[in-house]
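Residue numbers (our numbering): -3 to 242.
For each residue, glycine too, the CB sits at the ideal point set by N, CA and C.
Everything below concerns the one structure shown next.
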Amino acid sequence: MMEDIGKDKHVHDLVSKAQMITSFIYGYNRILHMMRECTDGHAIIRPGPTRFTSQFIALESLHKFRHELGTLMHSSEYLAHVATLREESRDVVYEVSCLISDHRFWDRISYYLKLIEPLVQVLRMVDGEDKNDMGYLYEAMDKVKERLREKHPMTFQKWWRIIDTRWESTLHYDLHTAVVGYVIQLDYKTGQRNPLARIAIRILSQTTSSSQCERNWSTFSLIHTKVRNKLSATRLEKLVYCHYNM
């Protein structure tokens, strides 16, 4: 989902410009040292080439130190240093200076940070130590969509399409949807739950993760406590199933 948002041309353009700024700063030891002096030793996170979540964190870091970067670009020490750079580097110096001085650039970053922040919060929630159930995830995603509609009334449909496409393909299951509807209908009609409702709650209580299955090995690691513990694939699958449904 975050990756799909990162493919948006406007977001991609922002990330590319942020990469240019950080690559320039980290490309010169002297400028990097001056930057750290301005930020009291804090480093600006560099946008990575993959996984838009890390790129979001990098944009957040860059935006946090925007005033310090402005101070750096106007310092006499910085201006004296860039004057000694080769001619071919002068164009990059000029572009970086223009970006850091451009309020529209920072406003756009601020806009997309506010746009993406609710999604990042959900991802952190489901990928943390304490796993939340599917019912909670459904509710959290509904709140994210409503927040997008309230905060971005002119563009929310564009982001809804991205969320819905990814949701339908990887996170949404007919079983969960049917169970949610059943529990709501049962509560509304009877005000109490029968044995079938307990089964429905068990289904909705399956834990969630923002990672794909092949990257979520915590249960396998718990069972395979030693390298020499060589279980057959069938037995391992049964053990994991039992552990997951305890």
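Euclidean distance between Cα positions of SER206 and VAL116: Here the model assigns SER206 a pLDDT of 46, short of 50, so the residue's position is not dependable and the matter cannot be decided.
Enclosing alpha helix (DSSP H) for HIS148 [first to last residue]: Careful: HIS148 lies outside any alpha helix (DSSP H) and carries neither H nor E.
Residue closest to VAL88, alpha-carbon to alpha-carbon, out of PHE20, ARG42, THR161, LEU10: PHE20
Candidates MET137, HIS59, ASP160, SER106: closest to ILE40 by CA position: HIS59
Exposed unless 16 or more other CB atoms sit within 10 angstroms - verdict on ALA14: buried
Nearest-angstrom beta carbon gap, LEU95 and ILE17 [assumed within contact, 8 Å]: 6 Å
First and last residue of the uninterrupted alpha helix (DSSP H) at SER12: 5 to 22
Spatial distance of TYR22 from LEU28 (CA atoms): 6 Å
Minimum C-alpha distance to ASP247 - residue among ILE53, LYS141, LEU65, ARG82: For the chain, the structure presents residues -3 to 242; residue 247 sits outside this window and is missing.
Nearest to TYR134 (by Cα), restricted to the options LEU119, GLU146, SER85, LEU55: LEU119
For GLY37, three-class secondary structure by DSSP: coil
MET26, DSSP secondary structure in three states: Note on residue identity: the sequence assigns Arg, not Met, to residue 26. Here ARG26 sits in helix by DSSP.
Which listed residue (LYS110, HIS99, SER72) has its alpha carbon closest to that of HIS63: HIS99
Limits of the unbroken alpha helix (DSSP H) element including ALA287: No answer is possible for residue 287: the residues shown for the chain start at -3 and end at 242.
Given HIS6 as reference, the closest of PHE101, CYS34, SER97 once Cα atoms are compared: PHE101
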